[in-house]
Amino acid sequence: GRVFARLGEKKNRAKARVKFLVAKLGLEEFIRLVEEERTKLPHDDNWTAYIDKLPEWGEKPKKEVSPLKKAERPEGYDLWENNNVQTQRQVGYRVVTIMLPLGDLSSHQMRSLADISEKYVGDTVRTTVEQNIVLRWINAGDLIDLYDELKKIGLADPGAGSIVDITACPGTDTCKLGIASSRGLAAELREMLTPKQLELDEAVQNIRIKISGCFNSCGQHHIADLGFYGNSRTFKGYKVPHFQVVLGGQWNNNADSFGMAMGAIPSKNIPKVVLKLTEHYINNRTNKKQ
Ligand code: SF4
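All residue numbers for the sequence shown refer to the numbering used here, where the first residue is 147 and numbers rise by one.
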């Protein structure tokens, strides 16, 4: 931060980021300057004090392990379990992802979810970078009851980690740097893809779509299979909102590689682009097993 504040770009907003400073100075020189800066800082115990407190934040299961009842499963349960439930490393426990469309949760849902969490997992829930909520330490035997309770408050959507689990930054809704409506596009794509989700070829059912309202990447477009970020183009003297299409980023393996920018498309045509690209991928991918 201090190195960037001293030497970073201030005038050209498009280049006011650390990566441009690193490119200008070279990585080695940048690291040298950061390390030099650190030697000037007076030591503060708070830098590492939290490490001693880590054991206090350890999580323990609230419920004893029991097997899943063989009772009849409610409608939609199997799909939800398939998409939203993962096996936890500790035997008998499950990790449940609650998919939040556009990352939104109402105050009513939050209060009810607090009660549900208290009942099944104690006092810890986690938020995720994919704008969902995760409950850990769910006893496998409680899954059907949990599903029923989540369903009553509208939080049992079965699409966690699927093509409809779209990540979007605030964009022009609330961010003053926003160029395009990332949330608007995410809502549009969700509406288009949700009814088709189960009919889609398996190869694209779980691809990730992520959208940023500008090049700043808060919506993580650079690590999506299909990423979009807002920009604009001038057409006949008018500014027309566009999204840059970014393909092939990797969200798993600790975001192993970034996607490639392919070209800017007018915002209103992006839903058609998503359909065309998924269709093209289904028909032309070289490794049919992936
Ligand atoms: S990516 Fe851009 S529009 Fe979206 S939150 Fe970040 S700065 Fe704002």
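All C-beta atoms, glycine included, are put in the ideal place defined by N, C-alpha and C. All values reported here derive from a predicted model rather than from experimental measurement.
- prompt: When every heavy atom of the ligand SF4 is checked, does at least one fall within less than 8 Å of the C-beta of Pro316?
  reply: On the sequence shown, residue 316 is found 170 positions in, with the first residue counted as 1. At least one heavy atom of the ligand SF4 is nearer than 8 Å to the Cβ of Pro316, so yes.
Enclosing beta strand (DSSP E) for Gln343 [first to last residue]: As a first step, residue 343 is located in the sequence shown; it is residue number 197 there, counting from the start. Gln343 -> no beta strand (DSSP E), and no H or E assigned at all.
- request: Determine the direct distance from the alpha carbon of Tyr239 to that of Leu214, and round the result to whole angstroms.
  value: Along the sequence shown, one-based indexing puts residue 214 at 68. Along the sequence shown, one-based indexing puts residue 239 at 93. Computed Cα separation, rounded: 11 Å.
query: By DSSP, does Pro417 sit in helix, in strand, or in coil?
result: The count along the sequence shown starts at 1 and reaches residue 417 at position 271. If DSSP states are grouped into helix, strand and coil, Pro417 belongs with the helices.
field: Sequence-distant residues of its chain with Cβ nearer than 8 Å to Val420 (five each side left out)
entry: The count along the sequence shown starts at 1 and reaches residue 420 at position 274. Contacts found: Leu335, Met338, Leu339, Ile355, Leu372.
query: What do you reckon, are the CB atoms on Val392 and Ala370 nearer than 9 Å?
result: Position 246 of the sequence shown, counted from the start, is the residue given in the question as residue 392. Position 224 of the sequence shown, counted from the start, is the residue given in the question as residue 370. Annotated as proximal: Val392 and Ala370, with beta-carbon spacing under 9 Å.
message: For Ser258, report the span of its alpha helix (DSSP H) as first-last.
response: Your numbering for residue 258 matches position 112 in the sequence shown. Segment 253-266, the alpha helix (DSSP H) holding Ser258.
Contact test: Ser363 Cβ vs the ligand SF4 heavy atom, cutoff 8 Å: Against the sequence shown, residue 363 aligns to sequence position 217. Flag set: Cβ of Ser363 near the ligand SF4.
Separation of Lys322 from Ala151, as counted between CA atoms: Reading the sequence shown from its first residue, position 5 is the one you call residue 151. Reading the sequence shown from its first residue, position 176 is the one you call residue 322. The straight-line gap from Cα to Cα measures roughly 21 Å.
query: Using CA coordinates, which residue listed in Gly147, Leu167, Leu423 is at the minimum distance from Glu155?
result: As a position in the sequence shown, residue 155 is number 9, starting the count at 1. The option with the nearest alpha carbon to Glu155 is Leu167.
- request: Determine the contact status of Gly330 and Thr320, defining contact as a CB-CB distance below 9 Å.
  value: If you number the sequence shown from 1, residue 330 lands on position 184. If you number the sequence shown from 1, residue 320 lands on position 174. Not closer than 9 Å, so no.
- request: For Asn278, count neighbouring Cβ atoms within 10 angstroms of its own Cβ and tell me buried if that reaches 16, exposed if not.
  value: What you label residue 278 is simply residue 132 of the sequence shown in a count that begins at 1. Buried, since its Cβ has 16 or more Cβ neighbours within 10 Å.
field: Contacts around Ile428, its chain only, beta-carbon distance under 7 Å, and the 5 residues preceding and following it disregarded
entry: As a working note, residue 428 is residue 282 in the sequence shown. Closer than 7 Å at the Cβ level, and outside the excluded window around Ile428, lie Asp347, Ala349, Val350.
message: Report the CB separation of Ser358 from Gly376 in whole angstroms; it is logged as a contact under 8 Å.
response: As a first step, residue 358 must be located in the sequence shown, where it is residue number 212. As a first step, residue 376 must be located in the sequence shown, where it is residue number 230. Their Cβ separation, rounded to whole angstroms, is 7 Å, which keeps Ser358 and Gly376 in contact under 8 Å.
- request: Indicate, with yes or no, if the ligand SF4 has a heavy atom lying under 8 Å from the CB of Leu187.
  value: Locating residue 187 in the sequence shown gives position 41, where the first residue counts as 1. No, the Cβ of Leu187 stays beyond 8 Å of every heavy atom of the ligand SF4.
- request: Entirely within the segment 155-203 and at least 4 residues each: give me those alpha helix (DSSP H) ranges in chain order.
  value: Inside the segment 155-203, DSSP marks whole alpha helix (DSSP H) runs of 4 or more residues at positions 164-171, 173-186, 192-199, from first to last along the chain.
message: Which residue marks the beginning of the alpha helix (DSSP H) containing Ser327, and which one marks its end?
response: Reading the sequence shown from its first residue, position 181 is the one you call residue 327. Counting along the chain, Ser327 falls outside any alpha helix (DSSP H), and DSSP gives it neither H nor E.
- prompt: Is Ser212 near Ala286, with beta carbons less than 9 Å apart?
  reply: Taking the first residue of the sequence shown as 1, we reach residue 212 at position 66. Taking the first residue of the sequence shown as 1, we reach residue 286 at position 140. In contact: Ser212 and Ala286 (Cβ atoms closer than 9 Å).
N- and C-terminal bounds of the beta strand (DSSP E) containing Phe150: Mapped onto the sequence shown, residue 150 falls at position 4. According to the DSSP assignment, Phe150 belongs to no beta strand (DSSP E) but to the alpha helix (DSSP H) extending over 148-153.
message: Would Lys385 and Trp283 qualify as a contact pair, given that the criterion is a beta-carbon distance under 9 Å?
response: Taking the sequence shown and counting its residues from 1, the one referred to as residue 385 is at position 239. Taking the sequence shown and counting its residues from 1, the one referred to as residue 283 is at position 137. Not closer than 9 Å, so no.
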